[in-house]
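Read the structure below first, then the notes.
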Amino acid sequence: MLRREFLQGSAIVGASLVLPRILRASSGMWAEGGERTIARVLTAKSTMVQNTPVIRSFAGNHTDLVSPWVMLDEFGPMRIEPGTLGMDIKAHPHAGITPTTYLISGSGRHTDSLNNDIVYRKGEFMLFSSGRGAIHEEVSSDEIRRDGGTVHGFQIWLNTPSQEKFCNPSTVIHEREETPFVELGDAEIKVMIGSLNGCTSPVFTFTPAFYYHITLPAGGRLDLPVDPTHNAFAHIIEGKLEGEGRNLLRDEQLALYDRGGDVMRFHALEDSEFLVLGGQPLNEPLVSYGPFVMNSQDQINACIRNYRTGKMGQL
4 MLRREFLQGS AIVGASLVLP RILRASSGMW AEGGERTIAR VLTAKSTMVQ
54 NTPVIRSFAG NHTDLVSPWV MLDEFGPMRI EPGTLGMDIK AHPHAGITPT
104 TYLISGSGRH TDSLNNDIVY RKGEFMLFSS GRGAIHEEVS SDEIRRDGGT
154 VHGFQIWLNT PSQEKFCNPS TVIHEREETP FVELGDAEIK VMIGSLNGCT
204 SPVFTFTPAF YYHITLPAGG RLDLPVDPTH NAFAHIIEGK LEGEGRNLLR
254 DEQLALYDRG GDVMRFHALE DSEFLVLGGQ PLNEPLVSYG PFVMNSQDQI
304 NACIRNYRTG KMGQL
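Taking our numbering, the leading residue of the sequence shown gets 4, the next gets one more, and so forth.
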């Protein structure tokens with residue numbers, strides 16, 4: 004794909020719909036001091052990233068409640084038949100953000116202009132810190148194209164603070180054995196980023212952030228501690244949860260929380276799997292154009308020039 008064609012077709016568009024808060028669970032939760040309140044519940048919208056179907060919870064919007072994160076895509080479950088192309092997201096640039104990739108099934112292949120060629124698999128966690136600008140490509144691995152399989156995972160973009168927008172780009176992958184595992188209440192939690200219950204992820208971020216992958220069995224409860232000054236939100240992968248205010252949370256929904264409380268409470272009405280993310284808000288201007296997330300239009304223009312003139316490298 005030509006550089007000009009990619010840039011013309013890739014502006015970030017908010018893809019979430021606000022749902023009225025009228026669905027209420029019937030039992031299980033109780034109000035206590037310090038509990039985070041749900042500001043709004045969103046439903047994700049289906050879209051395509053090149054040939055790959057995704058559901059997008061937010062993209063470049065709701066920044067007051069999601070910063071330092073700027074986009075959340077869930078891709079799959081995507082069945083890849085043996086001998087077919089599978090996921091084929093061709094080479095494209097990024098600048099000013101760190102796309103994180105996490106698979107809960109299947110495998111993929113990442114190549115980039117930093118001379119990395121990485122096959123990543125279920126449970127592994129990859130960060131492509133784009134800094135001043137770099138190019139990568141995301142496709143199915145040779146093995147899954149040959150043998151077939153199901154790919155299911157997330158690409159979630161972490162914003163970069165202004166002082167690091169033009170840092171050197173890098174790619175880091177963490178093996179699944181590196182991810183801390185915490186049992187809290189009735190929940191099992193993988194700490195992809197941040198700290199919880201005395202366990203700290205080895206993943207480096209420029210500013211405080213957290214990213215938890217949680218499973219909660221039917222009837223289970225979870226009181227999840229959070230910093231009251233940090234943003235926090237929950238993306239439901241599958242199941243049915245009762246949240247604050249007896250809000251009923253279902254598959255492909257996102258609950259955005261107000262700041263101020265130090266605990267998020269969940270009650271599972273059926274076996275449930277969900278992500279909880281957040282962190283310290285950056286409180287900086289945000290200007291986005293497709294794969295570039297910067298602090299001003301001048302910076303965006305510089306990124307476009309650098310990409311078109313080949314200064315972000317090539318695969």
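Think of the CB as a built atom: it goes at the ideal place given N, C-alpha and C, for glycine as much as any other residue.
Nearest neighbour of residue 317, chosen from 58, 42, 102 and 94 [CA to CA]:
Start at 1 with the first residue of the sequence shown, and residue 317 comes out as number 314. The shortest Cα separation from residue 317 among 58, 42, 102 and 94 belongs to 94.
Enumerate in chain order the residues of its own chain whose CB-to-CB distance from residue 125 is below 8 Å, with the five nearest sequence positions on each side excluded.
Your numbering for residue 125 matches position 122 in the sequence shown. Result list for residue 125: 106, 107, 108, 109, 110 and 179, in chain order.
Just to confirm the assignment, what range does the beta strand (DSSP E) spanning residue 309 have?
Within the sequence shown, numbered from 1, the residue matching residue 309 stands at position 306. Segment 300-311 is the alpha helix (DSSP H) holding residue 309; no beta strand (DSSP E) there.
How long is the line joining the alpha carbons of residue 406 and residue 54, rounded to whole angstroms?
Any answer about residue 406 is impossible in this case: the structure gives the chain only from 4 up to 318.
Give me the Cα-Cα distance between residue 43 and residue 118, rounded to the nearest whole angstrom.
To locate residue 43, count along the sequence shown from 1; it is residue 40. To locate residue 118, count along the sequence shown from 1; it is residue 115. Taking the straight line from one Cα to the other gives about 42 Å.
Can you tell which of 296, 104, 294 and 64 has its C-alpha closest to the C-alpha of residue 47?
Residue mapping note: residue 47 aligns to position 44 of the sequence shown, counting from 1. If we check each option's Cα against that of residue 47, 64 comes out closest.
Is the segment 222-232 close to the segment 260-280, with three or more CB pairs under 8 Å?
yes
State the DSSP-derived secondary structure class of residue 285, mapped to helix, strand or coil.
Your numbering for residue 285 matches position 282 in the sequence shown. Three-state DSSP puts residue 285 in coil, outside helix and strand.
Inspect the beta-carbon positions of residue 297 and residue 96 and report whether they are closer than 8 Å.
Sequence index remark: in the sequence shown, residue 297 carries index 294 (1-based). Sequence index remark: in the sequence shown, residue 96 carries index 93 (1-based). No, they are not a contact pair.
What would DSSP say about residue 66, mapped onto helix, strand or coil?
Counting from 1 along the sequence shown, the entry for residue 66 is found at position 63. Correct three-state label for residue 66: helix.
Applying the criterion that 16 or more other CB atoms from any shown protein chain within 10 Å of the CB defines a buried residue, is residue 37 buried or exposed?
Counting from 1 along the sequence shown, the entry for residue 37 is found at position 34. Its Cβ having fewer than 16 others within 10 Å, residue 37 is exposed.
Three-state secondary structure assigned by DSSP to residue 35
Within the sequence shown, residue 35 is the residue found at index 32, counting from 1. Because residue 35 sits at a pLDDT of 49, beneath the cut-off of 50, its placement in the model cannot be relied upon, and the following sentence gives the value as read from the coordinates. Here residue 35 sits in coil by DSSP.
Leaving aside the five residues before and after residue 33 along the sequence, list all residues of the same chain whose C-beta is less than 8 Å from its C-beta, in chain order.
Numbered from 1 along the sequence shown, position 30 holds the residue referred to as residue 33. For residue 33, the pLDDT reaches just 42, beneath the cut-off of 50, and the residue's location in the model is therefore unreliable, although a value from the coordinates is still provided. Around residue 33: no qualifying Cβ.
Per the DSSP calculation, residue 129 is bridged to which residue(s)?
In the sequence shown, residue 129 corresponds to position 126, counting from 1. Paired residue(s): 104 and 176.
Could you work out which residue in 82, 88, 123 and 71 is closest to residue 99 when comparing CA atoms only?
If you number the sequence shown from 1, residue 99 lands on position 96. Looking at the Cα atoms, 71 is the closest of the given residues.
Please check the pair residue 236 and residue 69, which I expect to be a contact at CB under 8 Å, by giving their CB distance rounded to whole angstroms.
Position 233 of the sequence shown, counted from the start, is the residue given in the question as residue 236. Position 66 of the sequence shown, counted from the start, is the residue given in the question as residue 69. So it is a contact: roughly 6 Å between Cβ atoms.
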